[in-house]
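**Q** So that we are looking at the same thing, I have put the structure below in structure tokens.
2 protein chains.
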Amino acid sequence: MAAYDDLMAFVRVTEALGQVAGRTGWDQEVMMPDGAAEQRAEEMAALEQVLHARRCDPRVGDWLAQAEAADAVQAAQLREIRRSYDRATKVPSALAEALARTTSKAQGVWAKARGAQDVAAFLPILSEVVQLRREEAAALGGAVAYDALLDDYEPGLTGAEISNLFDAMRPRLVALRDEVLGRPIGPELKGHFDPAIQMALAEEVALAFGYDLSRGRIDKAVHPFSSGSGQDVRITTRTAVDDPFNCIYSTIHEVGHACYEQNISDDFLLTPLGSGASMGVHESQSRIYENQLGRSRAFTGWLYGRMVDRFGTLEGIADEGAFYRAVNRVHNGYIRTEADEVQYNLHVMLRFDLERALFSGQLEVSDLEAAWNERFKADFGYAVDKPSNGVLQDVHWSVGLFGYFPTYTLGNVYAGCLHDALRKDLPDLDQQLANGDLKPATGWLREKVQRFGSQKPAQQTIEDAIGGAVSSGPLLDYLDAKFTA
Amino acid sequence: MAAYDDLMAFVRVTEALGQVAGRTGWDQEVMMPDGAAEQRAEEMAALEQVLHARRCDPRVGDWLAQAEAADAVQAAQLREIRRSYDRATKVPSALAEALARTTSKAQGVWAKARGAQDVAAFLPILSEVVQLRREEAAALGGAVAYDALLDDYEPGLTGAEISNLFDAMRPRLVALRDEVLGRPIGPELKGHFDPAIQMALAEEVALAFGYDLSRGRIDKAVHPFSSGSGQDVRITTRTAVDDPFNCIYSTIHEVGHACYEQNISDDFLLTPLGSGASMGVHESQSRIYENQLGRSRAFTGWLYGRMVDRFGTLEGIADEGAFYRAVNRVHNGYIRTEADEVQYNLHVMLRFDLERALFSGQLEVSDLEAAWNERFKADFGYAVDKPSNGVLQDVHWSVGLFGYFPTYTLGNVYAGCLHDALRKDLPDLDQQLANGDLKPATGWLREKVQRFGSQKPAQQTIEDAIGGAVSSGPLLDYLDAKFTA
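Order-wise, the sequence lines are chains A and B.
Under the UniProt record's numbering, the first residue of the first sequence is numbered 1, with each subsequent residue one higher.
Under the UniProt record's numbering, the first residue of the second sequence is numbered 1, with each subsequent residue one higher.
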């Protein structure tokens, strides 16, 4: 037992420092004065240096060799510590440093290239990033480079498995897109919406979804995000005077992530089990909160009342039905983050196939733009008009996040499965949502998914919750039913 | 050169982590949700563990043994690193941990005892804290225990030297107090002052004093403080609807601390020279900003106009002269932090003499309250009415801060000297202050004091700035002239 206890005491300090690093990142986006960027970069590098040294500390290896688990929870702790230790020790520190340095630089180059619509300016450093990630994948081992990267975000799944899943979904999504866009599109909300009232409504909605403000806070940031685990889980949102939906649905999305972290068992506080099981499972929580619950006909009926109470009559929106169609408006667009439920996954699949081809050697960085534009035309039916609407739109690749995109659609697939099981267990769900009562639904998610944190592997977390295998069927059936109604 | 460069690279990371720890403390007071206290305590302990390990890392000792300074700045860096290393390695870690644990507990006991007016409930743990600090002083070495503690806050001065300085000041201060309180006291500002307007005025005043918001920010906290060095120096202030002076003068005080940190040479960023030289020198900056400049007849004339612009006619304040007397109102009171310029130092001297007697063995903890009350009556002319107005009023002793109090009055003495020299160098100062133009004065302080950071020892920093020896004469002459006018 001594080795296990010593190991956990050491890891607990590492986890605490990890929380500090996360909150320092939050501060950078939300609170930091403009002139502090240079110093902050050194502070973050110092924290990363300490964290990296602790994650591959030889004592961790010794303790892991000796420690024995007394129960399933301890076994799960050791599994997660071993995963982290193996990854940290396999990657040479010179490579880790080169990656940190190059991606930091590449992000700036990308932002400039996007502003100038200049793909050629971005490709050389993108090639460097891809090459360094290939070397990292080689150091991590395994037959397929892309799978080694994917393992950081969605352990337990291979690129081939995801490819099979996505390829089977794509034709139905393309067909649904064609059908929905052939019909009259929903009304558009118009008017001027006081940002302070938007924030007050966002807080009300966050509380309705079960977000605990005694262990969190809501601030504004350019890009909404959720941050932290355990007792201090913060979210950010944003306001645009002409688009209150952006504020409200960004908030609900981040509340989904935050409630997952807040609802993990207290027993796992500051341990490797005390955060979400994978990016995909995390995204399943944000997506089911935002879409299956938040954009449902029943819940939008309640939200319509809250909007009218706070903003008065909504211009162009006659009633609950029109409000529901406005919330779920489907229309053409280039940008993934602005896409509706019907088209979102097509954006993700495009990126997944391209990045997988990059790492298998089937696609060169120099051909990336052409491949993007060709695929976009095939799936969406019209041509990309400029690089900032195409291959330069996302920050991900510049910072080396290859293997991350598919977790967005995996999250949607998981959310579809969970929504199906939730409806079976809660026959009165629509009545509850219509009353703005999310307690039964969020309680179910807490009980079935969230409280376990990383105790179970990601796919098992979902399988246990739904009592069966993961499949894209429930998501596709839900989308068909909702958008062809 | 290699040893010096290696040492500095290591220390730079430690300094960066120290900045993170400081900002985590800021977050705790300003941003942290209530329910995160337990987790935050673990995070702070983790940071302290890492910082302590780095400060007494044996490699630092090796580098110090080999490193050679190429110039005066490098010599100063080595001096400060050696100081920190010596202190960190002399105190056994078991003692350091006992101190951290006991003071953390004692702070809670103190707060409860103060609320209950129960001195007896506080004394046992205070005895423990005193005993642990005695052991720490013994570990640090030197002939006099109190001097070893003092060295943490005001290196270069002994308790006996400070005692000589203070004993010579006290009769003049007591006499001035008697004289001023025998006269009619100034008018009192009355009314309701919108906290949002107070904060807007506070920001305007902070900017007038040269605070750089591109490298800082202003928030509210229960107890105002300044935090951070280099590119990210934040201040907090507070608002009370019936007392805008509290907000404005707390802000100016903290701006004094913050400008000191912001104006240190960029060359010293994230090095041991990149923060203030001592607590006393730090306090000299906050005090001269707040008192000699901020409460001057000339500056309050400008401030009166800004107040009337923002709040309209001030009830009970007919003109600039009445406003000046309201800002500098002298009246009886028990509380150090609420004291005016005339009486503040008497509060400090009382504490200094008592804590020095505690560490010399001339006073027992059990006799502390009686000694406090006796001394208070002698200096202030009336009796302490309850412990929260007496021996239980300050948090300092509960958290082990023995040797800290005298730096407040040292700061006032330094400020008196600096003010004297400043007036000689800037004959038009009053005209500038009357226009709200603080640039010449704050520029002088930046040039003479602030830019040097910790490059010179504390007393030398002041001596070089004033071109002579430190003395209490200028402060006492200034107080006499101001308050008997």
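Glycine included, every Cβ here is placed at the ideal spot set by N, Cα and C.
It should be emphasised that the depicted structure is a prediction, and the values quoted were computed from it without experimental measurement.
For V365(B), decide whether its Cβ has a neighbour in chain A, counting only Cβ atoms nearer than 8 Å.
**A** No, V365(B) lies away from the interface with chain A (no Cβ there is under 8 Å from its Cβ).
**Q** Taking Cβ-Cβ distances below 7 Å as the criterion, which residues of the segment 44-67 of chain A are in contact with chain B?
**A** A46, L47, Q49, V50
**Q** Does the beta-carbon distance from R238(B) to R217(B) come in below 8 Å?
**A** Cβ distance not < 8 Å, so R238(B) and R217(B) don't count as in contact.
**Q** Check R423(B) in the structure and name its three-state DSSP category.
**A** helix
**Q** What residues in its chain sit with their C-beta under 8 Å from that of I462(A), if we drop five residues either side in the sequence?
**A** Counting only Cβ-Cβ distances below 8 Å, and skipping sequence neighbours, we find V281, S284, Y414, C417, L418, V449, V470.
**Q** Assuming G316(B) contacts E188(B) under a Cβ cut-off of 8 Å, what Cβ separation, rounded to an integer in Å, is found between them?
**A** 7 Å
**Q** Using a beta-carbon distance below 8 Å, is M31(A) in contact with chain B?
**A** For M31(A), the nearest beta carbon of chain B is closer than 8 Å to its own beta carbon.
**Q** Run the proximity test for F376(B): is its beta-carbon closer than 7 Å to any non-hydrogen atom belonging to the ligand ATP?
**A** Questions concerning the ligand ATP fall outside what the structure shown contains, since it holds no ligand whatsoever.
**Q** Taking Cβ-Cβ distances shorter than 7 Å, what residues in chain A pair up with S214(B)?
**A** P33, D34, G35
**Q** Let me check understanding here. Comparing Cα to Cα, which of G361(A), F193(A), A481(A) lies closest to V144(A)?
**A** G361(A)
**Q** Name the chain B residues whose beta carbon is nearer than 8 Å to that of L270(A)?
**A** Q39, E42
**Q** Report the option in A75(A), L201(A), G156(A) whose CA atom is closest to the CA atom of R306(A).
**A** L201(A)
**Q** Of the residues R134(A), H52(A), V109(A), D34(A), which one's Cα is nearest the Cα of L358(A)?
**A** R134(A)
**Q** Three or more C-beta pairs under 8 Å: does that hold for the segment 250-268 of chain A against the segment 384-394 of chain A?
**A** Per the Cβ contact rule, the segment 250-268 of chain A is not in contact with the segment 384-394 of chain A (fewer than 3 Cβ pairs under 8 Å).
**Q** Just mark R54(B) as buried or exposed, buried being the case when its beta carbon has 16 or more other beta carbons within 10 Å.
**A** With a 10 Å radius around the Cβ and a threshold of 16 neighbouring Cβ atoms, R54(B) comes out buried.
**Q** Using C-beta distances below 8 Å, list every residue in its chain close to E254(A), excluding the 5 sequence neighbours before and after it, in chain order.
**A** P224, F225, S226, I235, T236, T237, S286
**Q** Would the beta-carbon of A111(A) fall within 8 Å of that of V119(A)?
**A** Taking 8 Å as the Cβ cut-off, A111(A) and V119(A) do not qualify as a contacting pair.
**Q** When the distance is taken between beta carbons, is Q19(A) closer than 8 Å to S229(A)?
**A** yes
**Q** Considering D219(B), what are the terminal residues of the beta strand (DSSP E) in which it resides?
**A** For D219(B), the uninterrupted beta strand (DSSP E) segment begins and ends at 218-220.
**Q** Which residues bound the alpha helix (DSSP H) around R310(A)?
**A** First-last of the alpha helix (DSSP H) with R310(A): 297-311.
**Q** Please name the residue, chosen from M8(A), Y344(A), L363(A), E338(A), that lies closest to R79(A) on a Cα-to-Cα basis.
**A** M8(A)
**Q** Closer than 8 Å by C-beta to A206(B): which residues in its own chain qualify, once you throw out the five before and the five after it? Chain order, please.
**A** L213, I218, I235, T251, I252, V255
**Q** Just to make sure I have the definition right: I need the residues of chain B whose C-beta is within less than 8 Å of the C-beta of D267(A). Which are they?
**A** Here the premise fails: no neighbours, minimum Cβ distance about 14 Å.
**Q** What runs of the alpha helix (DSSP H), each 4 residues or longer, lie entirely inside the segment 336-365 of chain B?
**A** Fully enclosed alpha helix (DSSP H) runs of 4 or longer: 341-360.
**Q** Whole angstroms are fine: how far does the CA of L438(A) sit from the CA of G210(A)?
**A** 8 Å
**Q** Tell me which residues of the segment 434-458 of chain A have at least one Cβ-Cβ distance to chain B shorter than 8 Å, keeping chain order.
**A** Residues of the segment 434-458 of chain A that bring their beta carbon within less than 8 Å of a beta carbon in chain B are absent altogether.
**Q** Candidates G411(A), K377(A), A139(A), E320(A): which alpha carbon is nearest E341(A)'s?
**A** The closest CA to that of E341(A), considering only G411(A), K377(A), A139(A), E320(A), is found on G411(A).
**Q** For a quick check, are the C-beta atoms of V13(A) and A94(B) less than 8 Å apart?
**A** no
**Q** Taking 8 Å as the CB-CB cut-off, is R336(B) touching chain A?
**A** no
**Q** Can you have a look at P184(B) and say buried or exposed, based on whether 16 or more other CB atoms are within 10 angstroms of its CB?
**A** exposed
**Q** For the segment 141-158 of chain B against the segment 370-388 of chain B, are there 3 or more C-beta pairs whose distance is under 8 Å?
**A** These segments do not touch.
**Q** Out of F323(A), L157(A), N332(A), which has the shortest C-alpha to C-alpha gap to A458(A)?
**A** In this structure, L157(A) is the residue among F323(A), L157(A), N332(A) with its C-alpha nearest to the C-alpha of A458(A).
**Q** Between T24(A) and chain B, is the shortest Cβ-Cβ distance under 8 Å, so that the two count as touching?
**A** yes
**Q** Over the uninterrupted beta strand (DSSP E) stretch that includes T236(B), give me the two end residues.
**A** 234-237
**Q** Are L273(A) and A76(A) close, meaning C-beta to C-beta below 8 Å?
**A** yes
**Q** Which residue wins for smallest C-alpha separation from N246(B), given the options L445(B), R172(B), N328(B)?
**A** N328(B)
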